[in-house]
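Written below as structure tokens is the structure these notes are about.
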Amino acid sequence: ESLGANHVILGQWHRNVRVHRGYVTVHVDKSGRVFLAKNRSIPARLLPESFECRVTKEAALKRARRALPKGQHAVVHGKPERIWFPFRHSLLPAWKFRLIRKKPRQDWIVYINAKTGHLLSRYDNLSASRPARALIFDPSPTTKLGGHEGLLKTKKNVRRPPEEAYREVFLIGLHDGPYL
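Be aware that the sequence shown starts at 1386, since it is given in this note's numbering, and climbs by one per residue.
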């Protein structure tokens, strides 16, 4: 729930394994009207028959550590997860690891193909993070006010959205330079 709206997020699972970034989201204003729906689920016809795992968790972890840039030993944070990973035009069985380094501070998310042992993806959650802040609408001012009419002074003059429609957030992953 947020200012002016409710959000329902349904995660996708297949064969008791979570689908990475597979979800359906429905955003509903306070009057019960749906104002946005998003579908990132994988269609049933594209779902594999079984989760074929030829690579053990231990072997996948070794491969995940080797995939990181040289540096301090990485410690596993949380529980490794079997996951379906969308890759190109298919859904692959994978292992997901979260690996932490203290100096310099790094928080790696690494996905290893559970069938072949190949690296599927890796990224540092903390890379290029900066303490930049911004104001966002949460949700849109139109939803907050119950329609666009409240944003108009006259037919041609638009009024500024009310302060309670804004929320401060931190912007992560910005690169050096004057532009976003």
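No residue lacks a Cβ here, since even glycine has one placed at the ideal position from N, Cα and C.
Predicted model, so just to flag it, every value in this text is computed and none were measured.
Review point. What is the DSSP secondary structure of glutamate 1553, counted as helix, strand or coil?
Key: Looking at glutamate 1553 - three-state DSSP - the assignment turns out to be strand.
Check your understanding: What are the start and end residues of each continuous alpha helix (DSSP H) run of 4 or more residues lying completely inside the segment 1472-1536, in chain order?
Key -> DSSP runs (the alpha helix (DSSP H)) wholly in the segment 1472-1536: 1526-1530.
Exercise for review: With DSSP as the reference, please indicate the residues paired to lysine 1423 in a beta bridge.
Suggested key: Secondary-structure assignment with DSSP links lysine 1423 through a beta bridge to Thr1410.
**Study point:** Nearest residue (CA-CA) to proline 1433, options Trp1398, Asn1391 and Arg1450
**Key:** When Trp1398, Asn1391 and Arg1450 are compared, the shortest CA-CA separation from proline 1433 is found for Trp1398.
Practice item. Output the boundary residues of the alpha helix (DSSP H) element that contains alanine 1444. Key: Per DSSP, alanine 1444 belongs to the alpha helix (DSSP H) from 1442-1451.
Review point. Lysine 1415: which of Thr1527, Arg1450, Arg1430 and Glu1437 sits nearest, CA to CA?
Key: Out of Thr1527, Arg1450, Arg1430 and Glu1437, Thr1527 has the C-alpha closest to the C-alpha of lysine 1415.
Point to revise | Three or more C-beta pairs below 8 Å linking the segment 1494-1513 and the segment 1433-1450 | key: Touching, per the Cβ criterion.
Check your understanding: Among all the DSSP beta bridges, which residues are the ones paired with glycine 1389?
Key -> Glycine 1389 pairs with nothing; no bridge assigned.
Check your understanding: In the structure shown, what three-state DSSP assignment does glutamate 1466 receive?
Key -> In the displayed model, glutamate 1466 falls within a strand according to three-state DSSP.
Check your understanding: Tell me which same chain residues have a C-beta within less than 6 Å of the C-beta of leucine 1477, skipping the five on either side of it?
Key -> Phe1470 and Asn1498.
Point to revise | asparagine 1424 vs valine 1404 beta-carbon contact at 8 Å | key: It is not a contact, given that the beta carbons lie outside the stated cut-off.
Exercise for review: Give a yes or no on whether 8 Å exceeds the smallest Cβ distance from isoleucine 1521 to chain C.
Suggested key: Included in the structure is just one protein chain, with no chain C present.
Review point. Of the residues Gly1456, Pro1547, Ile1427 and Gly1417, which one's Cα is nearest the Cα of serine 1475?
Key: Of the candidates Gly1456, Pro1547, Ile1427 and Gly1417, the one whose C-alpha sits nearest the C-alpha of serine 1475 is Ile1427.
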